[in-house]
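Below: the structure, in structure tokens.
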Amino acid sequence: MPSAIVMGGGLAGMAAAAALGEAGFEVELLESRPFLGGRATSYTLPGDNEAIDNCQHILLRCCVNLLDFYRRLGVRDRIRFYREIYFLEPGGRKSTFRAGKLPAPLHFTESFLRMRCLSWGDRVGIARALLALRRERTRRTDLDRITMLDWLHEKGQTPRAISRFWNQVLVSAINEDLDRMAALHGFQVFWLGFLARADAYEMGVPAVPLGALYDSSAWERFGNVRLNLRSSVEGVEIEDGRVSAAIVRGERRRADYFICCLPFERVSSILPQLSLRLDAFSHSPITGIHLWFDRPVTTLPHATLLDRTIQWMFNKDAGRYLQIVVSASRSLVDLSRQQVIDLTLHELAEFFPAVKEARLEQAHVVKEVRATFSAAPGLETLRPASRTAIPNLFLAGDWTRSGWPATMEGAVRSGYLAAEAVTEAAGARGRFLLPDIA
Numbered sequence: 026m027p028s029a030i031v032m033g034g035g036l037a038g039m040a041a042a043a044a045l046g047e048a049g050f051e052v053e054l055l056e057s058r059p060f061l062g063g064r065a066t067s068y069t070l071p072g073d074n075e076a077i078d079n080c081q082h083i084l085l086r087c088c089v090n091l092l093d094f095y096r097r098l099g100v101r102d103r104i105r106f107y108r109e110i111y112f113l114e115p116g117g118r119k120s121t122f123r124a125g126k127l128p129a130p131l132h133f134t135e136s137f138l139r140m141r142c143l144s145w146g147d148r149v150g151i152a153r154a155l156l157a158l159r160r161e162r163t164r165r166t167d168l169d170r171i172t173m174l175d176w177l178h179e180k181g182q183t184p185r186a187i188s189r190f191w192n193q194v195l196v197s198a199i200n201e202d203l204d205r206m207a208a209l210h211g212f213q214v215f216w217l218g219f220l221a222r223a224d225a226y227e228m229g230v231p232a233v234p235l236g237a238l239y240d241s242s243a244w245e246r247f248g249n250v251r252l253n254l255r256s257s258v259e260g261v262e263i264e265d266g267r268v269s270a271a272i273v274r275g276e277r278r279r280a281d282y283f284i285c286c287l288p289f290e291r292v293s294s295i296l297p298q299l300s301l302r303l304d305a306f307s308h309s310p311i312t313g314i315h316l317w318f319d320r321p322v323t324t325l326p327h328a329t330l331l332d333r334t335i336q337w338m339f340n341k342d343a344g345r346y347l348q349i350v351v352s353a354s355r356s357l358v359d360l361s362r363q364q365v366i367d368l369t370l371h372e373l374a375e376f377f378p379a380v381k382e383a384r385l386e387q388a389h390v391v392k393e394v395r396a397t398f399s400a401a402p403g404l405e406t407l408r409p410a411s412r413t414a415i416p417n418l419f420l421a422g423d424w425t426r427s428g429w430p431a432t433m434e435g436a437v438r439s440g441y442l443a444a445e446a447v448t449e450a451a452g453a454r455g456r457f458l459l460p461d462i463a
């Protein structure tokens with residue numbers, strides 16, 4: 026039975042390990058931290074038994090490979106899907122976005138007609154741009170050379186349509202500002218998530234802390250997958266043009282095949298032999314703000330918050346515990362913890378007046394400064410493929426050429442692609458990657 030070592034226990038590494046485990050490989054997964062999940066995980070607060078996510082991660086129904094990975098772990102039923110997306114203006118006025126009775130791609134017509142946060146001109150312009158996006162996605166060759174903001178200006182989008190619609194969807198989906206984001210990625214999000222199928226936009230939110238989705242009990246079904254936590258890879262040995270071992274605490278871990286699922290900033294130090302072109306890669310941060318109040322401050326399960334720094338609210342416990350998410354949060358990186366909390370409370374009260382009367386019992390701020398790579402124009406051709414010049418070494422990670430931007434779906438896709446390449450190298454290629462919905 027062939028063996029494989031997977032270096033890195035984020036979503037890419039876990040997806041590769043699960044796929045190879047089901048294919049009959051003996052798999053050893055090496056993770057430096059005491060828990061799995063990488064940047065999509067949870068941990069217990071010091072002095073408290075409550076587990077919190079580093080930041081609320083969501084998915085859409087178009088994320089077919091992520092859902093398949095959850096199926097492999099037997100946790101697919103722990104994802105709760107919502108058909109409504111609530112757009113809130115300062116002052117609390119709500120617009121509800123959901124699919125109606127018309128077939129795709131016209132299924133949002135009824136919602137657009139009723140979205141009070143947009144003017145009639147905004148809505149007409151957005152509709153025209155969506156039709157143009159559908160038409161141009163396979164025709165234009167410059168989408169990785171221009172920003173999404175360039176394209177929106179080209180299509181005559183109003184400032185309000187950009188800030189209240191395009192920005193709210195895309196910045197959270199890709200974790201980058203519109204003027205830094207390649208239009209290629211914006212097109213993909215709207216085509217697969219909003220136009221291709223009537224239910225593709227439905228938002229999935231884990232009903233348990235992220236870490237509970239892939240704790241040790243979820244891996245019991247894989248008798249041939251061994252999880253090694255607190256096992257940081259220090260380097261690899263190469264003999265006769267092949268990787269012979271991964272080095273962990275000075276010990277050689279040997280296998281037939283190796284998949285490196287480490288963040289791009291670590292790969293060059295572990296594998297300088299690959300000579301990857303990573304100078305153009307940079308990070309985009311995400312900030313999660315956790316707030317516990319002495320009383321409920323909202324009944325909404327979630328909402329996207331317009332015209333302010335804070336972007337999304339997720340109701341985690343009957344309105345008393347809220348998670349606030351700010352993607353591409355460069356403006357918050359240098360602020361102190363208290364400054365972030367004060368800013369969040371001030372803005373949150375503009376949407377939910379009950380915040381002014383409630384007492385804040387606890388707050389926690391998580392800044393993921395290296396949350397994702399920045400999906401800048403021109404970067405797509407630099408993302409490396411799964412296969413490397415070393416025949417038994419493969420790459421995975423949301424920064425590799427997965428066919429998706431830096432999302433949980435992209436990470437799982439990369440893990441599946443690497444696992445397919447491993448099985449092909451072993452002489453019997455497995456098929457793990459599911460095709461996109463359109």
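Residues 26 to 463 (our numbering) are what the sequence shown spells out, left to right.
We put the CB at the ideal spot given by N, CA and C, even for glycine.
Residue i - partner residues in DSSP beta bridges
i: M228; result: L85, Y107
i: I311; result: S352, E393
i: K119; result: L113
i: A239; result: The amino acid occupying residue 239 in the given sequence is Tyr; Ala does not appear at that position. Answer by DSSP bridge pairing: none, since Y239 is not bridged.
i: F419; result: I284, R412
i: S67; result: D78
i: A271; result: V261, R278
i: V194; result: V194 is not bridged to any residue.
Alpha-carbon spacing of residue i relative to residue j, whole angstroms
i: R362; j: A41; result: 37 Å
i: A451; j: L442; result: 14 Å
i: L158; j: A410; result: 27 Å
i: F289; j: S144; result: 43 Å
i: N90; j: V233; result: 20 Å
i: Y68; j: A152; result: 42 Å
i: F306; j: G344; result: 39 Å
i: V254; j: D240; result: Residue identity differs from the one stated: residue 254 is Leu in this sequence, not Val. Straight-line Cα distance between these residues: approximately 12 Å.
i: S356; j: D167; result: 30 Å
i: R426; j: L252; result: 26 Å
i: M26; j: A48; result: 10 Å
i: E434; j: R408; result: 16 Å
i: T323; j: E393; result: 27 Å
i: E53; j: V250; result: 6 Å
i: F133; j: H327; result: 19 Å
i: P424; j: A431; result: According to the sequence provided, residue 424 is Trp. The question's Pro does not apply to it. Roughly 6 Å between the two C-alpha positions.
i: A446; j: V100; result: 26 Å
i: A353; j: R291; result: 21 Å
i: S256; j: Y346; result: 34 Å
i: I415; j: R148; result: 52 Å
Close-in-space but distant-in-sequence residues of the same chain around residue i (CB under 8 Å, 5 per side omitted)
i: I272; result: V258, E259, G260, V261, E262, R278
i: G211; result: M173, W176, W191, L195, I199, L203
i: K9; result: A query on residue 9 cannot be resolved here, the shown segment of the chain reaching from 26 to 463 and no further.
Same chain, Cβ closer than 7 Å to residue i, neighbours up to 5 away in sequence not counted
i: P402; result: D169, R170, I171, T172, A207
i: P130; result: R159, L220
i: L235; result: G62, A65, T66, S67, D78, H82
i: E201; result: S309, A353, S399, A400
Spatially closest choice to residue i from the options, by CA coordinates
i: V230; options: M39, T312, R108; result: R108
i: R412; options: L301, G435, V380, W429; result: L301
i: F215; options: R205, A198, M140, R408; result: A198
i: E372; options: P128, R355, V350, A444; result: V350
i: A444; options: G46, Y239, E161; result: G46
i: Q81; options: R408, N340, F457; result: N340
i: A396; options: R320, V358, L459, G236; result: V358
i: L331; options: R267, F106, F376; result: F376
i: A388; options: I314, L303, D304; result: I314
i: L360; options: Q336, E386, V390, V380; result: V390
i: S57; options: G72, V31, A379; result: V31
i: L420; options: S439, I295, L127; result: S439
i: R123; options: M228, T312, N74; result: M228
i: F60; options: S242, P378, V447, R97; result: S242
i: R384; options: Q336, M338, F318; result: F318
i: M140; options: A186, K126, E386, L303; result: A186
i: P115; options: L127, R189, D102; result: R189
i: I104; options: F112, D93, L113; result: D93
i: G125; options: L458, E135, R97; result: E135
i: W337; options: G35, G72, F112; result: F112
i: Q193; options: A374, I295, T329; result: T329
i: T406; options: G422, V365, L303; result: L303
Cutoff 6 Å; reference residue i; Cβ partners in own chain excluding five residues on either side
i: G218; result: L85, C87, A225, Y226
i: T33; result: Correcting the residue identity first, residue 33 is Gly in this sequence and not Thr. Same-chain partners within the cutoff: C286, L287.
i: W176; result: A208
i: E386; result: W317, D319
Presumed contact (8 Å Cβ cut-off) between residue i and residue j, rounded CB distance
i: A44; j: G455; result: 7 Å
i: T183; j: G146; result: 6 Å
i: N417; j: D281; result: 7 Å
i: R222; j: A463; result: 7 Å
i: A37; j: A436; result: 4 Å
i: L238; j: Y95; result: 7 Å
i: E247; j: V268; result: The residue asked about is misnamed: residue 247 is Phe in this sequence, not Glu. Not a contact, Cβ separation roughly 23 Å.
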